[in-house]
Amino acid sequence: MTLVQAEKGQKILKIALDNGIPMEHACGGNGFCTTCMCTVQEGMEHLSHRNDREENMGITSDPWRLGCQTSVVGDGDIVIEVGE
Ligand code: FES
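Anchor point for the sequence shown: position 78 equals 922 in the working numbering, and the numbering is continuous, going up by one each time.
Take a look at the structure:
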């Protein structure tokens, strides 16, 4: 497990990459591929609401989110699993 600090407004993808955590991002973080898909184990309430790009890519239910479309919006711990 890797513990990192994040600022409000940052996307999960950027937080991962800035901290040396590999996260695929084949479409460049534009919400068109799902390679950045991750699972939120805890703290979904501290993340932005699911957006249209996630919905359009079939990411419609918890715990799945697209790392490039999901931002930190609240204070508190968030546990995210990256990869398979
Ligand atoms: S990087 Fe392609 S959907 Fe997130």
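Virtual Cβ for every residue (Gly too), placed ideally from N, Cα, C.
According to the Cβ coordinates, are residue i and residue j closer than 7 Å?
i, j, result
"residue 882", "residue 926", "yes"
"residue 875", "residue 897", "yes"
"residue 915", "residue 858", "no"
"residue 887", "residue 920", "yes"
Exposed or buried, what is residue i when buried is set at 16 or more other beta-carbons lying within 10 Å of its beta-carbon?
i, result
"residue 905", "exposed"
"residue 913", "buried"
"residue 847", "exposed"
"residue 845", "exposed"
"residue 917", "exposed"
"residue 852", "exposed"
Report yes if the C-beta of residue i is less than 6 Å from at least one heavy atom of the ligand GDP; otherwise report no.
i, result
"residue 882", "In terms of ligand content, the structure shown lacks the ligand GDP and carries the ligand FES instead."
Can you tell which of the options has its C-alpha closest to the C-alpha of residue i?
i, options, result
"residue 872", "847, 917, 910 and 921", "910"
"residue 922", "851, 860, 892 and 885", "885"
"residue 870", "880, 863, 864 and 850", "880"
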